[in-house]
Amino acid sequence: GKLGFAIVGLGKFATEQIMPNFKDCKYARITALVSGTPDKAKKLAQEYGVAEKSVYSYENFDSIKDNPEVDIVYIILPNSMHAEYTIRAAQAGKHVLCEKPMATSVEDCEKMIAACKKANKKLMIAYRAHYEPFNLEAMDRIRKGELGKLRAITSDHGRPVKPTEDKADSWRVVKKLAGGGSLMDIGIYALNACRYLTGEEPVEITAQEFSDKSDPRFKEVEDNIHFTLRFPSGVLASCTSSYSYSEVKRGRAFGDKAWLDLDPLSDYKEHTMKIGSDEGKQEPKIKEGNQFAAELDHMAECVRDNKTPKTPGEEGLKDVRYIMAIYEAAKKGKAVKV
Ligand code: NAD
């Protein structure tokens with residue numbers, strides 16, 4: 062049978078991307094909803110066949126412990142709320158899938174890991190690129206040496222944030238809820254990609270930030286932040302993250318034999334891969350897959366088979382640590398060793 066998921070937070074990403082994609086899941090189904098807006102929750106419960114008694118508010122959320130239909134709680138709330146709801150879910154005896162960024166501080170990430178460990182529950186961070194066919198193929202080709210020795214990576218991730226037009230963006234410019242700006246939200250894809258494309262952890266970080274403080278969007282959170290990562294093998298990665306440039310989500314790995322380009326690297330669909338060298342360019346045929354369904358099924362399989370997820374809490378914690386080091390390097394104007 063399929064494992065039951067409770068969706069916590071019925072916002073834009075939950076309702077437009079996650080919930081509709083359960084239709085392609087083999088091992089996962091929606092069995093509960095948690096929302097502060099009863100009308101919206103009721104309507105979605107009807108649409109997705111969720112029992113009325115399995116619709117919770119943030120106040121009575123903890124009683125989800127008595128619902129045997131719920132195996133896994135999926136947290137899709139503003140970033141600074143991830144920690145509280147992950148911990149409450151673990152204490153209610155449920156496994157947790159949590160959106161990126163894992164939390165807005167290293168301490169919160171550590172508390173989340175500890176709470177799930179104490180309750181003997183799985184914790185997975187929803188890094189969907191790790192379940193997306195083009196990214197998996199890129200990792201595979203790099204590991205097999207198709208590019209030769211990896212020398213450099215570049216990745217750019219940004220989009221114009223629109224807090225007055227899009228409700229989902231309104232909390233993204235509030236530091237208390239978002240934790241930070243473009244880096245926490247979208248630059249994290251560049252950071253994470255540098256790590257999974259190299260298969261290494263960075264040892265040194267530099268960064269520069271610029272935000273126009275007269276723009277009301279950037280009173281509290283950063284706009285442009287560029288960073289470099291030096292990896293033990295000598296690979297240098299150079300990334301940009303922005304809340305003001307026209308949408309880009311790309312990455313390129315440069316080897317001594319060939320380069321590999323993903324553009325987009327981290328979109329919801331329509332990825333492309335190009336590989337180039339002295340011998341010319343090619344565009345490998347890769348079948349587009351449902352990364353959301355693959356991610357949800359992976360979580361369900363890990364719970365069913367008592368396995369550690371490919372992207373556990375520790376993976377989310379690492380990125381939050383590097384994000385803090387990027388902010389520190391930008392602030393000090395000096396390289397930070399990690
Ligand atoms: P959203 O604002 O549309 O959704 C957040 C939900 O939380 C809303 O339903 C809102 O009502 C609810 N909420 C509860 N308490 C709140 C409070 N105090 N303030 C504000 N909202 C509150 O945002 P979203 O774009 O769906 O993002 C939600 C989470 O999902 C974020 O952590 C974000 O980083 C993540 N996300 C991930 C991806 C991805 O591709 N993996 C894409 C988009 C968003």
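Count along the sequence shown from 1, add 61, and you get the number used in our numbering. Glycine is no exception: its CB is placed at the ideal position from the N, C-alpha and C atoms.
Beta-carbon gap between Y135 and A361 smaller than 8 Å: By 1-based counting over the sequence shown, the position of residue 135 is 74. By 1-based counting over the sequence shown, the position of residue 361 is 300. No, the pair does not count as a contact, with Cβ atoms beyond the cut-off.
task: Starting from the C-beta of K210, find all residues in its chain whose C-beta is less than 7 Å away, skip the five residues before and the five after it, and write them out in chain order.
output: As a position in the sequence shown, residue 210 is number 149, starting the count at 1. So the list reads G316 and D317, once near-sequence residues are dropped.
Ordered list of beta strand (DSSP E) runs contained in the stretch 311-357, each at least 3 residues: 320-323, 334-338 and 341-343
(Q) Output needed for Y304: all residues of its chain with C-beta closer than 6 Å, excluding positions within five of it in sequence on either side, in chain order. (A) For this step, residue 304 is matched to residue 243 along the sequence shown. Result list for Y304: V222, G242, S243 and D284, in chain order.
#### Entry: alpha helix (DSSP H) segments (min. 4 residues) lying fully within the stretch 210-256
228-231 and 236-239
Exercise. Taking only runs that begin and end inside the stretch 128-163, name each unbroken alpha helix (DSSP H) of 4 or more residues, in chain order.
Key: 143-152
Q: Let me know the secondary structure DSSP gives V296 once reduced to three states.
A: For the purposes of this step, residue 296 is identified with residue 235 of the sequence shown, where counting begins at 1. Three-state DSSP puts V296 in coil, outside helix and strand.
(Q) Tell me which residue opens and which closes the beta strand (DSSP E) that L208 is part of. (A) Locating residue 208 in the sequence shown gives position 147, where the first residue counts as 1. That residue, L208, is in no beta strand (DSSP E); it is neither H nor E in DSSP.
- Message: What residue range does the beta strand (DSSP E) around L105 cover?
- Response: Position 44 of the sequence shown holds residue 105. For L105, no beta strand (DSSP E) segment is defined; the enclosing uninterrupted segment is the alpha helix (DSSP H) at P99 to Y109.
Practice item. Give the range of the alpha helix (DSSP H) segment to which L378 is assigned. Key: For the purposes of this step, residue 378 is taken as the residue at position 317 of the sequence shown. Where L378 is concerned, the enclosing alpha helix (DSSP H) starts and stops at G374 to K393.
> Under the criterion of a Cβ to heavy atom distance below 7 Å, does E376 qualify as lining the ligand NAD?
Replying inline: Along the sequence shown, read from residue 1 onward, the residue named residue 376 stands at position 315. Not so, every heavy atom of the ligand NAD lies at least 7 Å from the Cβ.
Quick check on S216: buried or exposed, where buried means 16 or more other Cβ atoms within 10 Å of its Cβ?
If you number the sequence shown from 1, residue 216 lands on position 155. Classification for S216: buried.
Mapping DSSP to helix, strand and coil, what is V399?
Along the sequence shown, read from residue 1 onward, the residue named residue 399 stands at position 338. In this structure, V399 counts as coil in the three-state DSSP scheme.
Exercise for the section: Indicate whether the contact test is met: 3 or more Cβ pairs, each with one atom in the stretch 333-346 and one in the stretch 145-155, closer than 8 Å. Expected result: no
Give me whichever residues DSSP pairs with L258 in a beta bridge.
-> In the sequence shown, counting from the first residue as 1, residue 258 sits at position 197. L258 pairs with nothing; no bridge assigned.
Practice prompt. Following the continuous alpha helix (DSSP H) through E265, name the residue where it begins and the one where it ends.
Written response: Reading the sequence shown from its first residue, position 204 is the one you call residue 265. Run containing E265: none in the alpha helix (DSSP H); it sits in the beta strand (DSSP E), E265 to F271.
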